[in-house]
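The structure under discussion appears below in the form of C-alpha cells.
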Amino acid sequence: MLEKSQKLLERARKTIPGGVNSPVRAFNSVGGTPPFIKKAEGAYIFDEDDNRYIDFVLTWGPAILGHANPKVVQAAQEAVALGSSFGAPTAREVNMAEMIVERVPGLDRVRLVNSGTEACMSAIRVARGAKGRDKIIKFEGCYHGHADSFLIAAGSGALTLGVPNSPGVTEGTAKDTLLAEFNNIDSVRELMEANKDEVAAVILEPICGNTGCIPPLDGFLTKLRELCDEHDVALIIDEVMTGFRVSRGGAAQLYDVQADIYCFGKVIGGGFPLAAYGGTEEMMSFVAPDGPVYQAGTLSGNPVAVAAGTAQLEQLDDSVYEALEARGQQLQEGMQSIIDEHDYPLFQHRVGSMFSLFFSEGPIRDHEDVKKCDIPRFNKFFHAMLDRGVYLAPSQFEAGFLATAHTEAIIDEVLEKAEESLAEVF
Ligand code: PMP
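Using this note's numbering, you'd call the opening residue of the sequence shown number 27 and step up by one each time.
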C-alpha cells in the first residue's frame, strides 16, 4: 500500500534529518509512514504508490483554489520562461503590493519576502526598531515561524514534537519573549503593566491555527487593540494562515480590527515561496532603504512566485469566499449530526475554510484546552481516514483547510468516511 513511500523514507532518513524538510511531515505524532507525494490536482494528492487522497492539508494552506489551478500554473510557466530571478525591481511586484494593500484595512506599504518565518521575524524587528524597546508578547500555542524569538511555547510542529522551547535559542533571546494566554486579555494586561515601557509589540494569530483552529472570543481582538494603544505597543497581526483565506481582507477585515504591522504568506504565493509583511506608513518608514531597520533578500519578490501568487489572488473574489463558507457549513453541519447521533465526545471549531475536530467535549479556547484532547484517539482517527483516502493534518494541533476544489459531492464522501472511521475508533 505504501511500499514505495516506505522505501523512500528509509532512503531519505540517511541524508535528510527525519527524512523530511519540515518536521510535521514525518508523521511523528500520528506514527506510520508518510505518503511521499508525486503529484496533486484539484482536491486530490497522489503518492508514489498511486494512492489517491482527498487533501485537507492543501500544502498547509496555500492551495485555496485546489492544487495545480490552471491559471496559477500558466502564470508560473509564462514567468519562468522569461527568467527565474533578476535581483532587480519588476512591474509585477508593484502590482502585487497594490493588490495586497487594497485588501487590508490600515495597510499602507508592504515588503515581499520568501517565507512566513521571514515575514514575522522582520515584523518584530521593525516594531522593535520603531518603538526602541526589546520585549515582545506572544501567545502560548501561536506559531510565527521558526525564528529564535518565536520558539517559546510555539505551536505547530514545535508542539506536536513536545519541544516548545528549542535548544539553540539563547536565554538572552528567550527573556525578551513574554507569554500570554490566547483569549485571555487579562494575561496581556498583566504583562504590559509588569513590563511598562519595555514591550515593543504584541504578535498573534487572529484565529489560532497552529494549535488547531481556535477563533478569538467576542471582543478579544478589539480589547487587544485598545490595550496596545494604551501602552504604545505595536499590534502585529500574523495573517500568514488567515490572510485572504477567511475573507477577502483576511481576519482583520472579518473581525474589524487594524494592526500596525501585518504578516502574510501561504495563500498570497499560490504554492510558491512568497510571503510579505507590511503596515502603516509610519511603521514601514523605518524599513531600509527608507529607514534604519535592515531587511533584504536575494530572491525576495521572485518573479515566478509573484506571477503565480498574483494569478491566485486575482481569482479570490467574494464568490470564492461564499463558496468556501458553503462547503465549510456542509462539512461542519454534517459532522455535527454524526457527533450528535452517536453522542461522541467531540468538539468543532470553524471559521470559513479553516476547521478543527477536537477529541474533547470542549470548550476549546486556548492551547491548554487542546492539550487535554484525547490525542491517541485522534491519531487512530487520522489513520482510519488516511486508509480511506482522506488526508487530514497529521496532528491534533493543526487546522484543516478547504479549497474551492472540494465539491459538495467530495464533502459528502468525506462525511461518510468520517462516520465509518469514528465508529472504528470509539
Ligand atoms: N505564521 C503562521 C500563522 C503560520 O501558520 C506559519 C506556518 N505554518 C508561519 C508563520 C511560518 O511560515 P513559513 O512556514 O512559511 O515560514
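Cβ coordinates follow ideal geometry from the N, Cα and C atoms, glycine included.
All of these numbers come straight from a predicted model, not from anything done at the bench.
Residue i to residue j span [Cα, whole Å]
{"i": "E340", "j": "K292", "result": "15 Å"}
{"i": "R271", "j": "D392", "result": "21 Å"}
{"i": "D344", "j": "A352", "result": "13 Å"}
{"i": "T438", "j": "G415", "result": "Reading off the sequence shown, one finds Asp at residue 438, where the question assumed Thr. Taking the straight line joining both Cα atoms gives about 14 Å."}
{"i": "E256", "j": "L250", "result": "10 Å"}
{"i": "N405", "j": "F385", "result": "10 Å"}
{"i": "I233", "j": "L28", "result": "35 Å"}
{"i": "R376", "j": "G388", "result": "14 Å"}
{"i": "P420", "j": "V50", "result": "7 Å"}
{"i": "E446", "j": "P61", "result": "22 Å"}
{"i": "D76", "j": "V120", "result": "41 Å"}
{"i": "Y370", "j": "V451", "result": "11 Å"}
{"i": "S89", "j": "V99", "result": "One point to set straight first is that residue 89 is Ala, not Ser, in the sequence displayed. Whole-angstrom Cα-Cα distance: 12 Å."}
{"i": "F14", "j": "A337", "result": "Look at the range of the chain in this structure, 27 to 452, and you will see that residue 14 is not part of it."}
{"i": "Q279", "j": "R39", "result": "43 Å"}
{"i": "S273", "j": "L230", "result": "18 Å"}
{"i": "D316", "j": "V332", "result": "23 Å"}
{"i": "E74", "j": "L35", "result": "12 Å"}
{"i": "D413", "j": "M361", "result": "19 Å"}
{"i": "P299", "j": "P43", "result": "21 Å"}
{"i": "A107", "j": "L350", "result": "33 Å"}
{"i": "G113", "j": "G245", "result": "44 Å"}
{"i": "G109", "j": "I294", "result": "21 Å"}
{"i": "T199", "j": "S326", "result": "26 Å"}
{"i": "C399", "j": "P115", "result": "49 Å"}
Own chain, CB closer than 7 Å to residue i, minus 5 neighbours either side, in chain order
{"i": "H409", "result": "V56 and G58"}
{"i": "H432", "result": "A69 and R353"}
{"i": "V319", "result": "R151, V152, G155, F312 and V313"}
{"i": "G92", "result": "G68, A69, A429, T430 and A431"}
{"i": "Y417", "result": "I71, Y79, I80, D81, F82 and V83"}
{"i": "P241", "result": "I233, H375 and V377"}
Nonlocal neighbours in the same chain, by C-beta distance under 8 Å from residue i, ignoring five residues either side
{"i": "F72", "result": "I63, K64, K65, A66, R78 and Y79"}
{"i": "I436", "result": "A69 and I80"}
{"i": "E359", "result": "none"}
{"i": "E104", "result": "A333"}
Rounded distance between the beta-carbons of residue j and residue i, thought under 8 Å
{"i": "D286", "j": "T306", "result": "6 Å"}
{"i": "I162", "j": "A226", "result": "6 Å"}
{"i": "Y288", "j": "L247", "result": "Not confirmed; about 13 Å, so no contact."}
{"i": "V313", "j": "R137", "result": "6 Å"}
{"i": "S192", "j": "Y303", "result": "Wrong, their Cβ atoms sit about 23 Å apart, outside the cutoff."}
{"i": "V266", "j": "A220", "result": "Wrong, their Cβ atoms sit about 29 Å apart, outside the cutoff."}
{"i": "G335", "j": "M122", "result": "6 Å"}
{"i": "V330", "j": "A117", "result": "No, V330 and A117 are not in contact; Cβ-Cβ is about 15 Å, not under 8 Å."}
{"i": "A444", "j": "M411", "result": "7 Å"}
{"i": "K157", "j": "A94", "result": "That belief does not hold up - the Cβ atoms of K157 and A94 are roughly 43 Å apart, past 8 Å."}
{"i": "P131", "j": "Q284", "result": "5 Å"}
{"i": "L243", "j": "N209", "result": "5 Å"}
{"i": "G323", "j": "N140", "result": "6 Å"}
Three-state secondary structure (DSSP) of residue i
{"i": "S382", "result": "strand"}
{"i": "G57", "result": "coil"}
{"i": "N236", "result": "strand"}
{"i": "K201", "result": "coil"}
{"i": "C289", "result": "strand"}
{"i": "F82", "result": "coil"}
{"i": "A226", "result": "strand"}
{"i": "F72", "result": "strand"}
{"i": "V136", "result": "strand"}
{"i": "D319", "result": "Correcting the residue type first, residue 319 is Val in the shown sequence and not Asp. DSSP places V319 in strand when its eight states are reduced to three."}
{"i": "A334", "result": "helix"}
{"i": "Q374", "result": "strand"}
{"i": "F423", "result": "coil"}
{"i": "F165", "result": "strand"}
{"i": "H368", "result": "helix"}
{"i": "A145", "result": "helix"}
{"i": "K65", "result": "strand"}
{"i": "L458", "result": "No answer is possible for residue 458: the residues shown for the chain start at 27 and end at 452."}
{"i": "A107", "result": "coil"}
{"i": "G304", "result": "strand"}
{"i": "L35", "result": "helix"}
{"i": "D413", "result": "helix"}
{"i": "L350", "result": "helix"}
{"i": "D255", "result": "helix"}
{"i": "D438", "result": "helix"}
Same chain, Cβ closer than 6 Å to residue i, neighbours up to 5 away in sequence not counted
{"i": "G171", "result": "G142, T143 and C146"}
{"i": "L84", "result": "F427 and A429"}
{"i": "Q32", "result": "T59"}
{"i": "D202", "result": "D160 and K161"}
{"i": "V195", "result": "D174 and L177"}
{"i": "V46", "result": "A52"}
{"i": "M310", "result": "R135"}
{"i": "S239", "result": "Just to set this straight, residue 239 is Cys in the shown sequence, not Ser. Only H375, M380, F381, S382 and A425 meet the Cβ criterion."}
query = Where the beta carbon is closer than 5 Å to any heavy atom of the ligand PMP, which residues qualify, in chain order?
reply = S141, G142, T143, H170, G171, E231, D264, V266, M267 and G291
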